[in-house]
Amino acid sequence: MLVQVNSSAILGVDAYTVEVEVDIAQGMPSFTIVGLPDAAVQESRERVRAAIRNTGHEFPTNKRITINLAPADIKKVGPIYDLPIAIGILSASGQLPGDLLPDTMIVGELSLDGSVRCADGILPMALCAKETEKKHFIVPEQNIREAAVVDGISAYPVAALSDVISLLTDIDSSRPASTGLSSFTLDQPEYDVDFADVKGQAHVKRALEVAAAGGHNLLMAGPPGSGKTMLARRIPTILPPMSLDEALETTKLFSVSGKLRTGIPLITVRPFRSPHHTISGAGLCGGGSFPRPGEVSLAHHGVLFLDELPEFKRDVLEILRQPLEDGYVSISRAAGSLSFPAAVMLVASMNPCPCGFFGDTQKSCSCTPAMIQKYMRRISGPLLDRIDIHIEVPRLKDEELLSHPSGESSAAIRERVKAARKIQQERFAAEPGNIYCNANMNARMIRKYCHPGEDVKELLRAAVSQLNLSARAYDRILKLARTIADLEGLEDIALSHVAEAVQYRSMDRKLWG
457 MLVQVNSSAI LGVDAYTVEV EVDIAQGMPS FTIVGLPDAA VQESRERVRA
507 AIRNTGHEFP TNKRITINLA PADIKKVGPI YDLPIAIGIL SASGQLPGDL
557 LPDTMIVGEL SLDGSVRCAD GILPMALCAK ETEKKHFIVP EQNIREAAVV
607 DGISAYPVAA LSDVISLLTD IDSSRPASTG LSSFTLDQPE YDVDFADVKG
657 QAHVKRALEV AAAGGHNLLM AGPPGSGKTM LARRIPTILP PMSLDEALET
707 TKLFSVSGKL RTGIPLITVR PFRSPHHTIS GAGLCGGGSF PRPGEVSLAH
757 HGVLFLDELP EFKRDVLEIL RQPLEDGYVS ISRAAGSLSF PAAVMLVASM
807 NPCPCGFFGD TQKSCSCTPA MIQKYMRRIS GPLLDRIDIH IEVPRLKDEE
857 LLSHPSGESS AAIRERVKAA RKIQQERFAA EPGNIYCNAN MNARMIRKYC
907 HPGEDVKELL RAAVSQLNLS ARAYDRILKL ARTIADLEGL EDIALSHVAE
957 AVQYRSMDRK LWG
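Residues in the sequence shown are numbered consecutively from 457, following the numbering used here.
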């Protein structure tokens, strides 16, 4: 007898339907799984056999069992097909009615005693079930809150194989979980840190406000202990709240990576990722034999903080050039190509020299000019061009260090950032694609929305000539000036806006040139 059970699998960051076809026929006893299964899927045979027997049901030992996972040209990875395979065998052997199977999607890993373990990627699978018009979605009970986020589909939690059998026998007696996206609030969350705690550094806080208002990349350079990491960790507190689309995209990435924490079905806080400088290229931008998102994708719609930037391997940093420019990561393998979203705000910090005290007013630098140049050149010019703001973070003076913090709170700064972002959203509402902020503007949009006057053009000519700026740096100056004008609520870019934007580009020529 042939039975088909609907399941799902992850390809990149999205899910697709997998048809688990179970055929039980007369012949030499065997249990075969086809359809490009990996080792974990092949081992499903032993888990399914033991789970069926240990829940008091009969496993057809004297039959020829063939399992096909369609589409057969895509590799199937992981143990999430255990549960649909077991249900298919029970239905094909006449121990379970199959009336509900065409309208049901089932995922889950089985233990030998028949209990169901949690799975990764449940949110995109639930969205896939909704798109393919399935009525029921059966998931492990640990994943039910994640599945219930999606409206328009009935999600049922199961703790064991016996629960699935009872559910498919009499589904009317069970109530599906109900959460829905409407139950989530996307207001600004509470943070443990605040800009009101920061002493001094007024010019740095201004640069961080401009960066947050336009989604611009930022590099801070200064001696050890000047507060670079402390400032970076406060950047999420001034970013605007996530939209529903942003929350869904970010949650999908965490879900397929297995990093979605239990009890948090939807990520409503902008992510802040801070990988160590020993990270590999695959760890930073994604990859592997079965590609998974890297740190740059896990920071999607949030902040990717690279502390001690020159300490990262140069080849790892160069991989960042494409996602910083395009907003996504492309991973190519012999079997095909995948893309992961990576619209991040890059924040990096570094010392100005190997010892850290080059230019410091209190401690003398022990590095030679050659050592300093070698250290600075660990960061390539093309990567530096993709960082919009370069700001020096000096050591606090003694009176600033001993004084009481008196700066603005994150809430006050955030209101100005939200107002600027609202202007940008209205500006880009008619533009194709996902344009969230000024940093996402392409060359056509820069020409359309950035109109410098003659006096501004004269200043830009002088900056390009004297600072030897590239065409990319010129475009980023215009984007920065557009953001500074938005913070002031002005339609036209003034001379003061470009002057401020230019001084944010001067540090790379001071240190690298």
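No residue lacks a Cβ here, since even glycine has one placed at the ideal position from N, Cα and C.
Alpha carbon to alpha carbon, how far is residue j from residue i? Give it in angstroms, no decimals.
i: arginine 726; j: glutamate 514; result: 50 Å
i: tyrosine 537; j: valine 620; result: 14 Å
i: valine 800; j: arginine 503; result: 41 Å
i: leucine 556; j: proline 632; result: 15 Å
i: proline 558; j: alanine 585; result: 12 Å
i: alanine 471; j: leucine 458; result: 25 Å
i: alanine 703; j: phenylalanine 728; result: 14 Å
i: glycine 969; j: leucine 915; result: Its pLDDT being 45, under 50, glycine 969 is placed unreliably by the model, and the measurement read from it follows with that caveat. Going by the C-alpha atoms only, they are around 20 Å apart.
i: leucine 967; j: glutamine 829; result: With a pLDDT of only 48 at leucine 967, under the threshold of 50, the placement of this residue in the model should not be trusted; the figure read from the coordinates follows. So the alpha carbons of these two residues sit roughly 8 Å apart.
i: cysteine 821; j: arginine 842; result: 29 Å
i: valine 497; j: alanine 575; result: 14 Å
i: leucine 687; j: lysine 661; result: 8 Å
i: proline 721; j: isoleucine 600; result: 9 Å
i: alanine 495; j: glutamate 565; result: 14 Å
i: phenylalanine 651; j: glutamate 665; result: 11 Å
i: glycine 909; j: isoleucine 933; result: 15 Å
i: threonine 724; j: asparagine 924; result: 42 Å
i: histidine 592; j: proline 535; result: 21 Å
i: serine 730; j: glutamate 705; result: 20 Å
i: isoleucine 869; j: aspartate 569; result: 55 Å
i: glutamine 959; j: leucine 695; result: 23 Å
i: serine 630; j: glutamate 751; result: 40 Å
i: phenylalanine 884; j: alanine 899; result: 14 Å
i: glycine 812; j: glutamate 856; result: 21 Å
i: glutamate 421; j: methionine 897; result: Here the chain has residues from 457 to 969 only, and residue 421 is not among them.
Identify the continuous beta strand (DSSP E) that holds residue i and give its terminal residues.
i: serine 610; result: 610-614
i: arginine 789; result: 784-789
i: aspartate 479; result: 470-481
i: leucine 675; result: 674-677
i: valine 772; result: That residue, valine 772, is in no beta strand (DSSP E); its alpha helix (DSSP H) goes 770-775.
i: lysine 795; result: According to the sequence as given, residue 795 is serine; it is not lysine. From DSSP, the beta strand (DSSP E) with serine 795 extends over 792-797.
i: serine 805; result: 801-806
i: threonine 522; result: 520-526
Quick test of your reading: residue i and residue j, contact by CB under 8 Å. State the CB separation rounded to the nearest angstrom.
i: aspartate 607; j: proline 861; result: Not a contact, Cβ separation roughly 45 Å.
i: leucine 617; j: alanine 542; result: 6 Å
i: glutamine 880; j: aspartate 942; result: 6 Å
i: aspartate 911; j: leucine 951; result: 5 Å
i: leucine 624; j: leucine 552; result: 6 Å
i: valine 572; j: serine 463; result: That belief does not hold up - the Cβ atoms of valine 572 and serine 463 are roughly 13 Å apart, past 8 Å.
i: serine 845; j: alanine 669; result: Position check: residue 845 holds isoleucine in this sequence, whereas serine was assumed. That pair is no contact at about 11 Å.
i: aspartate 948; j: isoleucine 902; result: 15 Å between Cβ atoms; not a contact.
Would you mind reading off the limits of the alpha helix (DSSP H) that contains residue i?
i: threonine 706; result: 700-713
i: histidine 846; result: Note, histidine 846: premise wrong, no alpha helix (DSSP H); beta strand (DSSP E) at 845-848.
i: isoleucine 940; result: 927-943
i: methionine 581; result: 578-587
i: threonine 625; result: 617-625
i: leucine 762; result: Run containing leucine 762: none in the alpha helix (DSSP H); it sits in the beta strand (DSSP E), 759-762.
Could you check whether residue j and residue i sit closer than 8 Å to each other, using their CB atoms as the reference points?
i: isoleucine 480; j: proline 527; result: no
i: cysteine 893; j: glycine 671; result: yes
i: serine 753; j: proline 797; result: yes
i: threonine 560; j: lysine 590; result: yes
i: glutamine 657; j: glycine 681; result: no
i: isoleucine 787; j: glycine 742; result: yes
i: valine 490; j: glycine 577; result: no
i: valine 469; j: proline 580; result: yes
i: leucine 765; j: serine 805; result: yes
i: proline 776; j: leucine 839; result: In the sequence as displayed, the identity of residue 776 is leucine instead of proline. Contact flag set, yes.
i: leucine 467; j: isoleucine 530; result: yes
i: valine 476; j: glycine 678; result: no
Tell me, please, which residues DSSP counts as bridged to residue i.
i: histidine 592; result: Thr560, Ser610
i: lysine 532; result: Pro493
i: leucine 467; result: Asp470
i: glycine 743; result: Arg748
i: threonine 824; result: None; threonine 824 has no bridge partner.
i: threonine 549; result: Strictly speaking, residue 549 in this sequence is serine, with threonine absent from that position. Answer is none; serine 549 lacks a bridge partner.
i: serine 817; result: Serine is not the amino acid found at residue 817; the sequence shown has threonine there. In the DSSP output, where bridge partners are listed per residue, threonine 817 has none listed.
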